[in-house]
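One structure is given here, and the rest of the page talks about it.
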Amino acid sequence: MAASTSSEANQQKPKSRPPAFAKWPTVKILLPPSGRNSSVAGRFHARDPKCSSICIRRVFPHEVQNIIDFKRHRVDADGKVKYPMPLEGQPSNIPRYLGGIKAAEGSKSDSDSEGDQSKPPPKYWNQGWYLWSTNNQRSAVDHIMYMNEDLARSAATARLKQKRQLEWLEYQNFLERTGWHADDETPPPEGKYWGHKRPPRPFFTDDEYLKSTLLIQLPPPTPPIWEKIDKLLAPSRQALGLFTNDLSSGTFIRFADRVWEKAFTDEPFLLAQRSWEKLSEAWKKSADDADIAALNLGPTGSANSHGDDGEDFIFAMDAVRRVTESFSKETGGQRSEWEGLVNAGATEALCRNVCQLKADTMATDAMSSYYPPFVMIYFAAMGFNETLSDLDRRVLSVVRDNWREIMNRWWNEPQNTLNQDNSHEPERLVVSRLLGHLLIHDPSVYSIIFDPEDHTLSVISRHWAHSMSSNVARSTMVILRSIIFFTFSQNVEEYLKDHERPSLPFLMSKFYSGLGQSAPDPQLLIETMSTKLGLGDPAYAVEDLAFCNDLYLSYRELDDTSFAEVLRSEKAVTYWRNAFKLMLHDVKSVQKEVASSVMNLAVKLVIQKPAAECAAITQTWISAGLFDVLDLTMADLVRTPGIARILVFLFTGIKEAAYEFPPDLLSALKDQLPRQKAVGAVLKYDIETQSTTNSDGKTKAFGEGNEIPDAEDPMWNHGLWQAMGWLQGLCHDRELCTRRGCGKKGVSKCSSCKEFMYCGVDCQKLDWKEHKQICKFTNVYIHPVNSGKNRLTRSKAAEDGPDRDGSFLRGSKCARHYYGSGDEYNGHLLDTDIVRLRCRRGAVFRGI
212 MAASTSSEAN
222 QQKPKSRPPA
232 FAKWPTVKIL
242 LPPSGRNSSV
252 AGRFHARDPK
262 CSSICIRRVF
272 PHEVQNIIDF
282 KRHRVDADGK
292 VKYPMPLEGQ
302 PSNIPRYLGG
312 IKAAEGSKSD
322 SDSEGDQSKP
332 PPKYWNQGWY
342 LWSTNNQRSA
352 VDHIMYMNED
362 LARSAATARL
372 KQKRQLEWLE
382 YQNFLERTGW
392 HADDETPPPE
402 GKYWGHKRPP
412 RPFFTDDEYL
422 KSTLLIQLPP
432 PTPPIWEKID
442 KLLAPSRQAL
452 GLFTNDLSSG
462 TFIRFADRVW
472 EKAFTDEPFL
482 LAQRSWEKLS
492 EAWKKSADDA
502 DIAALNLGPT
512 GSANSHGDDG
522 EDFIFAMDAV
532 RRVTESFSKE
542 TGGQRSEWEG
552 LVNAGATEAL
562 CRNVCQLKAD
572 TMATDAMSSY
582 YPPFVMIYFA
592 AMGFNETLSD
602 LDRRVLSVVR
612 DNWREIMNRW
622 WNEPQNTLNQ
632 DNSHEPERLV
642 VSRLLGHLLI
652 HDPSVYSIIF
662 DPEDHTLSVI
672 SRHWAHSMSS
682 NVARSTMVIL
692 RSIIFFTFSQ
702 NVEEYLKDHE
712 RPSLPFLMSK
722 FYSGLGQSAP
732 DPQLLIETMS
742 TKLGLGDPAY
752 AVEDLAFCND
762 LYLSYRELDD
772 TSFAEVLRSE
782 KAVTYWRNAF
792 KLMLHDVKSV
802 QKEVASSVMN
812 LAVKLVIQKP
822 AAECAAITQT
832 WISAGLFDVL
842 DLTMADLVRT
852 PGIARILVFL
862 FTGIKEAAYE
872 FPPDLLSALK
882 DQLPRQKAVG
892 AVLKYDIETQ
902 STTNSDGKTK
912 AFGEGNEIPD
922 AEDPMWNHGL
932 WQAMGWLQGL
942 CHDRELCTRR
952 GCGKKGVSKC
962 SSCKEFMYCG
972 VDCQKLDWKE
982 HKQICKFTNV
992 YIHPVNSGKN
1002 RLTRSKAAED
1012 GPDRDGSFLR
1022 GSKCARHYYG
1032 SGDEYNGHLL
1042 DTDIVRLRCR
1052 RGAVFRGI
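The numbering used here runs 211 ahead of the 1-based position in the sequence shown.
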């Protein structure tokens, strides 16, 4: 029997199969079962138990007023005691449906204090019943601990709690300022109040307490629902009364008869058509008016008649921005939408915002407050038609009328426009761009920017000085140069017909004001221009060098040499070095354009200038690396139209003044010569272009005839390598080693050309890379080198006097006719007469 029972038990409980990998070493996560309220899971995770507590308290008369032979209180004039209720019983912390009041709906007493108007009046204990409830266990414990206190002690306890909480918050702020954390092993630093002993931690914070606790008086006040319902239904009652009167008087019957009569005419159709048109116009105008009304609010404005507030200002600005920004695209812009906005006063509102929007003093990385509306005006100006429409004229008129005030705001409140950060480059760009559009379409704007009280030039000059990108630097420099030297457009001629041209010192005073100087400071100007050239943009360099060229010539006409002196001095070495570096650009067309600008400026500083001035600029150029750059770029420069003639005058001017150079400068100049690579490049190009012949087929020697060759005449190539030879012959003794910078006495000649000397085999090997460029041309090149010290100087020309025709003396008779033998020249070399500058006074500057 027992066996059968055991077998039945085994059959009822079959052996279960263990899970897969149960015997493998694993990590098992055991979660306790969840409960409905306080459970094992809650205790495991240290959750607060879910519970609710209520307490009903009665306040007796003797607790809030004085009663004979009982406790005495300090009462007010009405004989009542003012014990403040706890925070959970104050109106601002009670729901509105239980009688609470929001802070904004608080007491509006006669007091002028903002605090009195922003908070409701405090609530005090009165006689009656009160209900207190909470769903926080800490609040319940805290309430039970102080249930034995009367109102006076409860108020004192509340003040003590608040004081401790304030001390704790102040302590936390102190630790945050000192950088100490609770996890640090070191004690907190000593402070003003605590030292190494911190204040006691509050039981809980006010926020935790108020979220879970409520205290109201019973019964709670009920909102006046029926009064609001009566007010809501009052119009309906009046409408029903009018309807009853009209129905009883027969008004609807007469109206039906008139409708029946008009139904057979065209008046219903006309009425519908006009109604739709009026509705469309009103809706469109209402939308535009609402946007402009929001624009006039500003971000912090109060609500207007349309119900818009400061937040709607942002959306209105975005709507106007989308419309104006469309003009910057190829689609042509949303002119119909823009016209509606202009009719509603958009241009006036944008100008007003530029002048009045308050600056954000907290965000240094944000755009200046006046930039968003200003850039919208710029976008609108981009949409001007070539022939201005009525809409364009209205916008232009408003901007012109407000321009002086707008520029005063930009000048007096630079805000973030001067921050050295690329994110603020658009702010430094937009003023010059907008001014360019205004000047193209309305020359009367000149009368504004030339006003002594206007700050437009100063603002743009300041933006140029603080620019960090070549794009902004170029845009601001273009507009500055165009205004100061009146080269912007043909409109300037129209302006000058009826207005006197402002003087250069007046305009430059505004320019220097933007640089932070009340008086002209050429050194600061050159340093700032050097910095901008250092950006490495050839397009900007062309504008910068043209500005420098115009400024030099304008000051020269005024006999003001301050700018020229700085430009020639060692203070301008960085400026010239940065300019010369840009001549090494990889793109040949860009390289030639920059080189033309640099050489046009350079030649004006040496041609027909005193020896002292030529010495100063030559020393500066040597320090800046002029001859090194010419050596690297001459093969491309000589092919640039007009450059050969400029270089002829440049080398000739230096050579003529070099007779009076001090010894140390002559020594420095000697170390820069010879430049055989540059000379070889000119000689090779001269051979390529040997096609200048007279009509009778005879070759024409350079300088023959009474006319100076044109700037692009190949004859200038022929004269360039001779001018370079003169300078080499003057500064570099033929008896010295030819390798540049050696200075030792030569002991042997080149075995190929038999002309250039070397101090040894080593120097000859090191110099062969350069010398091979002219080795086969040496027999030709040696003539200007040999005659370098015998060329006529200006002082000798002054002693001999001018020719009979008034031109300058031609100089000593040239070495004549050397032609190489053999086929290596193939008859390409011209007559090697040394360049004779036969020109009337001033003609040498033609085309330079």
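We put the CB at the ideal spot given by N, CA and C, even for glycine. Everything numeric in this text was worked out from a predicted model, so none of it was measured.
For the structure I just gave you, are there three or more beta carbon pairs, one from the segment 654-662 and one from the segment 610-627, closer than 8 Å? The segment 654-662 and the segment 610-627 touch, with no fewer than 3 CB-CB distances between them shorter than 8 Å.
Would you mind reading off the limits of the beta strand (DSSP E) that contains W343? For the purposes of this step, residue 343 is taken as residue 132 along the sequence shown, with counting starting at 1. Taken as a continuous stretch (DSSP letters only), the beta strand (DSSP E) holding W343 covers 339-345.
Just confirm the distance between the C-beta atoms of V689 and E754, as a whole number of angstroms; I'd bet it's less than 8 Å. Start at 1 with the first residue of the sequence shown, and residue 689 comes out as number 478. Start at 1 with the first residue of the sequence shown, and residue 754 comes out as number 543. Yes, they are in contact, since the Cβ atoms of V689 and E754 sit about 6 Å apart, within 8 Å.
Looking at the strands, I want to know which residues DSSP matches up with S700. As a working mapping, residue 700 is identified with position 489 in the sequence shown. DSSP output for S700 lists no bridge partner at all.
Rounded to whole angstroms, what is the Cα-Cα separation between Q830 and F697? For this step, residue 830 is matched to residue 619 along the sequence shown. For this step, residue 697 is matched to residue 486 along the sequence shown. Taking the straight line joining both Cα atoms gives about 34 Å.
In terms of DSSP beta bridges, what is I267 paired with? What you label residue 267 is simply residue 56 of the sequence shown in a count that begins at 1. DSSP, once it has assigned bridges, lists L342 as partnering I267.
Report the three-state DSSP secondary structure of Q545 (helix, strand or coil). By one-based count along the sequence shown, residue 545 stands at place 334. Q545: coil per DSSP, three-state reduction.
Between G957 and L947, is the Cβ-Cβ spacing less than 7 Å? By 1-based counting over the sequence shown, the position of residue 957 is 746. By 1-based counting over the sequence shown, the position of residue 947 is 736. In this structure, L947 lies closer than 7 Å to G957 by Cβ.
Hey, would you say P413 sits closer than 7 Å to Q348, going by beta carbons? Along the sequence shown, one-based indexing puts residue 413 at 202. Along the sequence shown, one-based indexing puts residue 348 at 137. One thing to note: P413 has its Cβ no nearer than 7 Å to the Cβ of Q348.
Starting from Q1065, follow the alpha helix (DSSP H) in both directions and report where the run begins and ends. Because residue 1065 is not part of the residues shown, which for the chain are 212 to 1059, the question remains open.
Along the alpha helix (DSSP H) that carries I440, what are the first and last residues, could you check? Walking along the sequence shown from the start, residue 440 turns up at place 229. Run containing I440: 436-460, per the alpha helix (DSSP H) assignment.
In whole angstroms, what separates the C-alpha of F466 from that of E478? As a first step, residue 466 is located in the sequence shown; it is residue number 255 there, counting from the start. As a first step, residue 478 is located in the sequence shown; it is residue number 267 there, counting from the start. Pairing F466 with E478, the inter-Cα distance amounts to about 16 Å.
In whole angstroms, give me the CA-to-CA distance for A750 and T687. The residue labelled residue 750 in the question sits at position 539 within the sequence shown. The residue labelled residue 687 in the question sits at position 476 within the sequence shown. Roughly 13 Å separates the two Cα atoms.
Could you spell out where the beta strand (DSSP E) holding I427 opens and where it closes? For the purposes of this step, residue 427 is taken as residue 216 along the sequence shown, with counting starting at 1. Its beta strand (DSSP E) spans residues 424-429.
Is the number of C-beta pairs between the segment 842-856 and the segment 921-937 that are closer than 8 Å three or more? Counting C-beta pairs with one atom in each stretch, the segment 842-856 and the segment 921-937 have three or more that are closer than 8 Å, which means they touch.
For L947, does the three-state DSSP call read helix, strand or coil? Along the sequence shown, one-based indexing puts residue 947 at 736. Three-state DSSP puts L947 in a strand.
Going by DSSP, which residues form a beta bridge with P295? Start at 1 with the first residue of the sequence shown, and residue 295 comes out as number 84. DSSP lists Y335 as partners of P295.
Straight-line gap, D842 to L795 (C-alpha atoms, nearest Å): The residue given as residue 842 occupies position 631 in the sequence shown. The residue given as residue 795 occupies position 584 in the sequence shown. So the alpha carbons of these two residues sit roughly 11 Å apart.
Roughly how many angstroms lie between the CA atoms of D287 and N384, to the nearest whole one? Translated into the one-based positions of the sequence shown, residue 287 becomes position 76. Translated into the one-based positions of the sequence shown, residue 384 becomes position 173. Going by the C-alpha atoms only, they are around 39 Å apart.
Out of curiosity, what's the CA-to-CA distance linking L607 and I695? Stepping through the sequence shown from its first residue, residue 607 is reached at position 396. Stepping through the sequence shown from its first residue, residue 695 is reached at position 484. In this structure, the straight-line span from the alpha carbon of L607 to that of I695 is close to 23 Å.
Buried or exposed: where does G300 fall if 16 or more other Cβ atoms within 10 Å of its Cβ makes it buried? Here residue 300 refers to the residue found at position 89 of the sequence shown. Classification for G300: buried.
Can you give me the Cβ contacts of A827 inside the same chain, cut-off strictly under 7 Å, excluding the 5 residues immediately before and after it? Along the sequence shown, read from residue 1 onward, the residue named residue 827 stands at position 616. Hits under 7 Å: R779, S780.
Take the Cβ of P584 as the centre, count every other Cβ of all protein chains shown within 10 Å, and call the residue buried at 16 or more, exposed below. Working through the sequence shown from its first residue, we reach residue 584 at position 373. The residue is buried, with at least 16 neighbouring Cβ atoms inside 10 Å.
Reference D361; option with closest CA among T389, L736, C961, V292: By 1-based counting over the sequence shown, the position of residue 361 is 150. Its Cα nearest to that of D361, the residue V292 stands out among T389, L736, C961, V292.
Contact check, W343 vs L429, beta carbons under 7 Å: Within the sequence shown, the letter at position 132 stands for residue 343. Within the sequence shown, the letter at position 218 stands for residue 429. Taking the C-beta atoms as reference points, L429 is found no nearer than 7 Å to W343.
Could you check the C-alpha separation between R307 and P432 for me, to the nearest Å? Here residue 307 corresponds to residue number 96 of the sequence shown, with the count starting at 1. Here residue 432 corresponds to residue number 221 of the sequence shown, with the count starting at 1. Cα-Cα distance, rounded: 10 Å.
Measure the alpha-carbon distance for V996 versus K792 and round it to whole angstroms. Position 785 of the sequence shown, counting from 1, holds the residue named residue 996. Position 581 of the sequence shown, counting from 1, holds the residue named residue 792. Using only the alpha carbons, I get a separation of about 29 Å.
Does K1111 come out as helix, strand or coil in the three-state DSSP assignment? This structure leaves residue 1111 out entirely; the chain is present only between 212 and 1059.
Alpha carbon to alpha carbon, what distance is there between K888 and E966? Along the sequence shown, read from residue 1 onward, the residue named residue 966 stands at position 755. Along the sequence shown, read from residue 1 onward, the residue named residue 888 stands at position 677. The alpha-carbon atoms of E966 and K888 are separated by roughly 17 Å.
Proximity to P411 [Cα-Cα], best of L640, L377, K442, G971: By one-based count along the sequence shown, residue 411 stands at place 200. Between P411 and the set L640, L377, K442, G971, the nearest pair of CA atoms involves L377.
Tell me which same chain residues have a C-beta within less than 6 Å of the C-beta of S963, skipping the five on either side of it? On the sequence shown, position 752 is the one that residue 963 refers to. Excluding positions up to five away in sequence, the list reads C986.
Helix, strand or coil for R228 per DSSP? Your numbering for residue 228 matches position 17 in the sequence shown. Note: R228 maps to coil in three-state DSSP.
What span of residues does the alpha helix (DSSP H) with G930 cover, start to end? In the sequence shown, residue 930 corresponds to position 719, counting from 1. In the DSSP annotation of this structure, the continuous segment of the alpha helix (DSSP H) that includes G930 starts and ends at 926-942.
Tell me, please, which residues DSSP counts as bridged to V286. Taking the first residue of the sequence shown as position 1, residue 286 is located at position 75. As computed with DSSP, V286 is found in a beta bridge with V292.
Report all residues from its chain with a CB closer than 7 Å to the CB of E624; omit the five preceding and five following residues, and keep chain order. Counting from one through the sequence shown, the residue named residue 624 turns up at place 413. The residues are A570.
Is the number of C-beta pairs between the segment 703-713 and the segment 740-749 that are closer than 8 Å three or more? No: the two stretches stay apart, fewer than three of their Cβ pairs being nearer than 8 Å.
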